Every structure is written in structure tokens, then in C-alpha cells.
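Let me begin by presenting the structure, written as C-alpha cells, before commenting on it.
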Amino acid sequence: MPLNYEKCLDRGCIWVQRTEESQPLCFYPDGYGYTYQEVRKTSNGFHVDLERTTEMKMFGDEMETISLQVYFETKNRLRLKFADKAKKRFEVPIEVPLPPAESPVDTEYSIDFVNEPQFGVLVKRNDTETVIFDTNIPGMIFSEQYIQISTRLATPYIYGFGEHTTAAYKHDINWKKWSLFARDSSTDSSSNLYGVHPFYMNVEEDGCAHGVFLLNSNAMEIVLQPAPALTFRTIGGILDFYIFLGPSPEDVVKQYMEVIGLPGMPPYWALGFQLSKRGYATIEDVKALTKRTEEARIPYDVQYFNIDFMNNFKDFTFDEKRYSNLPAFVDELHEKGKKVVIVLDPAIASNKTLESNYPALDVGINRDVFVKVNGTYLEGASWSGKAYFPDFSHPDIRPYWTQMCTEFRKSIRFDGLWIDMNEPSNFVDGSLTGCSKTSLNYPPYGAGVLGSKHDGKLFEKTICMDAVHHAGKHYDIHNLYSYYQANVTYRTLAIIIPGSRPMVVSRSTFAGSGRFVSHTLGENLSTWQQLRASIPGILKFNLFGIPFIGADICGFALNTTEELCLRWMQLGAFYPLSRNHNSLYSKDQDPASFGKEFIDLVNKALYSRYELLPYLYTLFHLAHTEGSTVARPLFHEFPEDKVAWDIKYQFLWGSALLISPIVEENARSVDAYFPVGIWYDFYKGEIVKDGSALTMTLMDDGYINLHVRGGYILTLQKPNISTSLSRKQPMGLFIAPDELGEAKGILFWDDGISYETQEHKTYLQVELAFRKTKQEAILYSNITIGNFPEAHDVFFGYLTFCNQLQPSKVLINGKSVNTKKLNYDTQTMVLKIDSLHINIAEEFELVLVS
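Just so we're aligned: the sequence shown equals residues 831 to 1680 in my numbering.
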């Protein structure tokens, strides 16, 4: 019901006439919330008991007393846990570090408690005394189905929260509301989408950054306010905050990964270009696609099969008429070095009239692994018709899922799985018989999620909230459904394809899902707006710990245009996960479906991606072992540059590669921002900017704009039409010295497929360094880990030195290099050395003598 003056006063609040359309009318008065009587020191923090100050008339009875437990977990991480003292409430059952027995000796933060005009907790950064978390704001509420707390922000520069479609990476704080609730929805609105990530980063005035994670899986709403401040509203569970001190943006991400888990390592083949479409009626359509792609010599590695290949859209089946020779065709793709990913929806067909025997249903019933409501299996609907929903938190679900995948892989030798529709999506609201009229299904506050805003029901397009899983009521674990499925599916692939790194793509995600899955941004539209929106989407999921992220290149729904698809392919070639995918009703948009000029331009971008794969693969190794981002915004590397805080459509791969795509219709250039330092053109090697920060116009030369930051060495490899062929090619180095004439880089190399090579240290890691003196320049390598014998078959075959004087001679390990291998450009000062054979697994020293 809409709020009015009388209702506002009846709640004990203050009515203020709005000055802006987005501003609320009703405010909490000072003192509205809780107070404390005593703060008790513990071995690892503090314990505070809080008492209610006012009567609650909003959403039922407010808890009379609640507790706050403060844990000093590490020197740069603390935890604030608000809970009901009277009874145990739902807590998110994902793996997080246990609180330490004792506080760390030195912390980078301090904490204060205030009681006037209401209780508040203040967290400060010790060195600068910046307050990074301050809840001394009226309106703290802790009731059965409505919990609210607010905090002031250090600055308006806030990033994170998802999953939503946003026009920019930085949030608008002018009374913007964002609902967090997993939902099968279109990306062309600001509504809650497929995943839930209640985490944000706030950049402070001096460029330091901190992060806050609310470990809560219930439906949630975030309200951003121009104070600057934000309010958390959730309709269940507890308030369990983790605060990360950074101080750099990358430090914040790494500290967040220490809590939710490090991202998984993708197999090398998954970094190749991928093709997918809904709507290939027969296997001949897919064969035509692969044939024209091969003939155009478009590099690609992965072919997807959507639900079209299934028999009546049922999991673990294929249509033996329309896709009659699918097993043989998959084997043929494998012989050509391609990999196959098939889709699986969670819903299992429950209608047995189509066939007398359907093992996925029969075995599931025998193991009793489907979600129930009122003691019987909840029956909804999906592509296959009537359907049950597996309970992926059930103890028997893993052997069930493994059995189904194992049996099906005997027919179709798939290499990876795409788990789709796993919010879970339901084609009816709740179930075929609806949902009971309870406060779980119709909560007093719907957190602004799509569906609840219409008639108050939380179960629109999903299952009933009072449905029962092994882990609890769906009301509490709805947002965890895909997390459980991701965990089970990842471990299933590790079993059924032994020794191989699992490749799982998931539409829905939760905090920590990156341990198991990659993600695409969902069913976007073929529009310029959605092309642009994909960039903040990619950056946010790197912030969320899912760096293996992409958007459907050229758009999923509607029909693309040739210009839009070209610009999207150029951009999408530099998504961490590069997949072209579109819908049943859209025309073909794979690159080979366009003309020769289009193919030539797209190939320039894709072959550039393939040449850079060793660098990208190394970034994923660092993400997997350290928690760093792969694609990152400029301010992660230049946090003191306030212009970088607002950059929308440029991004970096790691620290070194700047990507500046054209994202406007009819544009033939892009205005690109270059932070302070030296920047080199990736294709020409010449300096494009040297010194202070600068915005400059880059023209369209048929390539996407790529620039290398001075001070870094990029590892490269001559590209081919697949990763399997590329990995047999010579490797290269792009040496881009900084103002001091120095550069550094790293190469991680293994077989690209084996499970847990990082954990077992069965790989090669090479540190590369370059420095100049007046008489010479030296490039040398240092093997830090050398446990991959096959690396001796790989060699550095070509080198590019930027900003380099012409050498009189070149020595490698003391031996002269034939001058015919040298190519020096006096105008650009770029030296290229080709036809080399430097073993990557052996340390070397290369000297350029002036």
C-alpha cells in the first residue's frame, strides 16, 4: 500500500515534503533503533547486547534484544555479526573462515561504539582515521521478516552489488534502489537478475579502498543515498558483515576472495572463442555453422549445444531423429581440436506419458532428491512440460547427478556443462497448484523484487518459498540454489572426466560461485545500449570473484546489425569469456554468416586475442592463486587518479593491457583516457603517450584499440585457428619499458587441462625482467617453478622491444644473434627479433649492446 502522511506518523516517523522526485517522504527520527548497556571485550573482539528503543509498527514484532559479535579476523579484515538473542535464525551455510581464537596482534582498523542518539558502530582506518563503516543512523530494525541497517559511506564512489544491468560501473547514489533476488528476467531493465552478490567497494578521498560483504541469502534491497549513505534491507536471516581494509582496490578483492573462496582455473581451451545459438533445428544446421566458420579461418574452440538437441527438451537425452548422428559429430569436432559444451536445465521432466522410462526421473524419485512442498514433490513447469526440481543441497544429489552425467556422456562426449535456468526458473508461479497463502510466499515486504511489487508474491517465475530443501526453506536458500548446483556440477565433471579441469558455465550465481563456475551476463539484447552495459557487467563480476565472465556477443534477443555485431565482436574478443550466442527468433550472427570484409575485421580482433592468450592465462592463474581480477577498471591500477574513478567504457587486462573499444553507433574513433605513464600501441610498438594523464582520440584502423602500459612484459604466442594448434606455435614477448627503462612480466604454463596443477605445482612459472643502462639493455628470465617437463618443447620465437635504441649487436647467453633476424624502425624506435629459439623452460639472458 502507498505510504501517506498519517501512516508515516503512525509508525513514529517524520514526514518531510520532498524536494526531488526520487527522495523519500518519510524518515526515521533520531533515537529510532537500539541502544546498548555494556560492551564486553572477548579474546577476538567484542560482544554487545542491544535493546530496542521504540515500538515497532512496521512489519510485525521487532526483536526486543539482539546481539552484536565483533570478530577481529585478520589485520585487515573484521566481522560484525548481528543476531537474534532469543532464537537461532537462518545463517548462510557456505564455507567461510572460522573466527580466530584470538585477535591479531596489529590491526589496520579500530572500532568505536556510540549510544547517542541511538546505537552505532564505527570502523576507522588507523593510519588516516577515515571512517569506513558508520551505522549511527536512525532506523535500525530487526524483526522476523524485515531487517534494516544503514551506514554512511566515505565518498560517493561506490561500486558493486549485483546482478543488474547498469550503464556505468560507478553507482548513482541519488536514492537509487537495487533488489537482490535470483530471477529469470530480461537484462533491459534495472530489475533484479540471475545472481546475488551483496558486496560493494568504496573508494576513499585519498584513493584507498575498502569493501563490505553482507553474508545473507534472503531477498534483499539496497538503497543508495546522496548523503552519501546506503541502507541494507533483508527479509530474513541475520546481518553478517565482513569489512575489508584494502588499502588498494585489488587488495580489497583479494581479501574478499579469502572469505568466499578463490576463483577456479579454467582449462586453456575455454579461453578460445565460443559459438552458441538457440534454434538449430537439426544437426545439419550446426554442421553448416562449423563448416562456414572453418572455411573463413575464424579461430574458435568451443561449440555449444542448446536445448534444441534434446528429446522433448528433457535433460540427459538427445533427439535421435533431428540430431541422429550427434555422437559421431561430437567425435569429429574433437578430432579437429574443438570442445563441446551442452546445456542442462535443473528442472527434470515429471510427465511420464511421453516415455515409459526416463532414468533422470526414476532414479531421482528412488533417491528422493527432489524439492518438496507439504510433503510431496513440488511440480512446476519448464521447457519439457511438467517438472520436478532437484534439491542440490540433498546428501544424495551428488551420486544422482554424477550417475546421470556419466550415463549421458557415454553417448555424447561433452567437455563442459552449461547450467541454465537455475535461479531456479519456473514457467508457472510457484507450482502447478500455486502456493499457500503464507508469509513466506507473501512476505510483509518484498524487498522490491520483480513480481513482489505487483501482488506481493515472492515466487513469481520460481518455486514456492515454503518449499523444503535439505538445507532449509526455499525462502532462505532461493539465492543459493545455483551455488549448490554449481558445487555439485563442478565436482561431477571432476569425477566423470578424471584428471581434467571442469568447465561449467552458470546463469545464476551467488557469492563464492566463482570457485566452481564461469558466467555470462544473460539474455541481453542486440542494442548499442546493451553492448555498452556489458563492460560494467564484466568489471562487476571480476569484483565478485567470477573473473571468467562474458556477455552474449552481438546480443541474444532481437536481430543485430552488421555494424553493431562488428563492434561487439571487437569488444567481445577481449571479454575474459568470449562467446557469441543468440536466440531462437534471431537471425544468424556468427562471424562467418556475414561478408568477407566483416570476417577480415573480426579475425584481426580474434587473432589478437589468441596471440595474447598466454598473458590472459597467466592472469587467470594469478586470480586462482591470489584472488586478483583479470579484467579490471582503470582505478584499480591508478587509485589516486580521480578521473579514472569515473571511466565507463575502457578497461584493463591485468595491470598492463588497456582496451579502448568503440561503443557508439556510426563512430569511427573513440576518446580514450591514458593515465600517467608511458603507453605503447600493441600493434605498432610505438609510444602513443608519455608523461601526464591525457585523453586522446584514437581512430579506427580496423583493430580494436590495444595499448601496453610501460613497465610490463606481455607473453604472447603466434595464433592459429584453435588453442590446440596455437599452443604448438612459437611464443613471443612484448617488452614495454617504463620511464626508468625497466619492465617485468610473468609466464604461467602447464598442459592447460590437468586438474589442480597449481595446487600440485606441476607447472612452469617464469619471471621476466628488462632493464636499460647507458651501454646496454638486458632481458633475462628466472624460473621460479619448473615442474612441467613438456615446457621444454616450447620456445620464445619472436621479441618486440619498444622505445629501444638500435643495437650494434645482440647476445643470447653470450652468443651473437644473426643480424638478419633483426628489424629496427628508426622512426618508432621499435626493435623486432624473429626466428629465435629460446627454450621457455631454461633461464636465459639477452643483451642488446648499444
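Note that beta-carbon positions come from the ideal geometry of N, C-alpha and C, so glycine has one too.
Source: prediction; values computed, not measured.
Would you kindly work out how many angstroms separate the C-alpha atoms of residue i and residue j, rounded to a whole number?
i: F1625; j: N1669; result: 4 Å
i: G1497; j: C856; result: In the sequence under discussion, the amino acid at residue 1497 is Ala, which differs from the Gly named in the question. Computed Cα separation, rounded: 46 Å.
i: D1471; j: R1013; result: 37 Å
i: E836; j: N945; result: 29 Å
i: P1254; j: G1540; result: 47 Å
i: T1545; j: P1096; result: 18 Å
i: Q1360; j: G992; result: 16 Å
i: L1288; j: K1478; result: 34 Å
i: S897; j: R1362; result: 45 Å
i: Q1085; j: I1113; result: 47 Å
i: T1658; j: W1509; result: 13 Å
i: F1011; j: T1292; result: 11 Å
i: W1483; j: D1149; result: 41 Å
i: P1229; j: N1187; result: 20 Å
i: S1485; j: A1211; result: 47 Å
i: H1537; j: K954; result: 38 Å
i: K1202; j: S1312; result: 17 Å
i: V1026; j: N1648; result: 58 Å
i: G1076; j: L952; result: 17 Å
i: T1448; j: D891; result: 54 Å
i: H1164; j: G1194; result: 32 Å
i: S1282; j: F1062; result: 18 Å
i: R907; j: V1042; result: 10 Å
i: G1246; j: M1333; result: 5 Å
i: S1665; j: Y1628; result: 6 Å
i: F943; j: G1515; result: 56 Å
i: F963; j: A984; result: 8 Å
i: K917; j: P1377; result: 38 Å
i: Y864; j: Q948; result: 6 Å
i: K1182; j: A1453; result: 46 Å
i: Y1503; j: Y1542; result: 19 Å
From the DSSP secondary-structure annotation, give me the bridge partner or partners of residue i.
i: T895; result: E881
i: R982; result: D964 and A1059
i: K1216; result: A1211
i: N1537; result: Sequence check: residue 1537 is His here, not Asn. Per DSSP, L1488 and D1511.
i: S1646; result: L1641
i: V935; result: According to DSSP, which records beta bridges pairwise, V935 is partnered with nothing at all.
i: L1092; result: Answer is none; L1092 lacks a bridge partner.
i: Q1104; result: V1132 and R1409
i: M1526; result: A1502
i: F1481; result: I1489
i: C856; result: W845
i: I1668; result: F1626
i: T1064; result: I977 and M1050
i: E1597; result: I1576 and N1612
i: I1178; result: Y1218
i: E1675; result: Y1610
Can you give the beta carbon distance from residue i to residue j, rounded, assuming they're within the 8 Å contact cut?
i: H1411; j: S1106; result: 4 Å
i: D1296; j: S1330; result: Going by Cβ atoms, the distance from D1296 to S1330 rounds to 40 Å, so no, they are not a contact pair.
i: E1606; j: L1678; result: 6 Å
i: V1160; j: F1222; result: No, V1160 and F1222 are not in contact; Cβ-Cβ is about 27 Å, not under 8 Å.
i: L1280; j: S1021; result: 4 Å
i: A1387; j: S1423; result: That pair is no contact at about 17 Å.
i: I971; j: M888; result: 7 Å
i: P968; j: G861; result: 6 Å
i: V1132; j: K1168; result: 7 Å
i: P1176; j: N1256; result: Not really, about 10 Å apart at Cβ, beyond 8 Å.
For residue i, would you say it is in contact with chain C, using Cβ-to-Cβ distances shorter than 9 Å as the test?
i: H1164; result: Considering every chain present, this structure includes no chain C. It has just one protein chain.
**Report entry** Contiguous alpha helix (DSSP H) assignments of at least 4 residues, all confined to the region 1343 to 1400
**Finding:** 1358 to 1373
Query - At least three beta-carbon pairs within less than 8 Å, the region 871 to 880 to the region 894 to 904 - result: yes
Query raised in the report: Should the region 1274 to 1281 be called in touch with the region 1242 to 1254, which here means at least 3 C-beta pairs below 8 Å?
Result: no
Query - Cβ contact check for the region 1095 to 1103 and the region 1458 to 1465: 3 or more pairs under 8 Å - result: no
**Report entry** the region 1368 to 1376 touching the region 1047 to 1062, judged by at least three CB pairs closer than 8 Å
**Finding:** no
Report task. Could you pull out every unbroken beta strand (DSSP E) segment of at least 3 residues lying fully inside the region 1029 to 1055, listed in chain order? Result -> 1039 to 1044 and 1050 to 1055
Query raised in the report: What are the uninterrupted segments assigned as alpha helix (DSSP H) that are 4 or more residues long and contained completely in the region 1230 to 1285, given in chain order?
Result: 1282 to 1285
Query raised in the report: If we count Cβ pairs, one from each stretch, closer than 8 Å, do we get three or more for the region 1432 to 1443 versus the region 1574 to 1589?
Result: no
Query - Runs of alpha helix (DSSP H) lying entirely within the region 1313 to 1343, each at least 4 residues, in chain order - result: none
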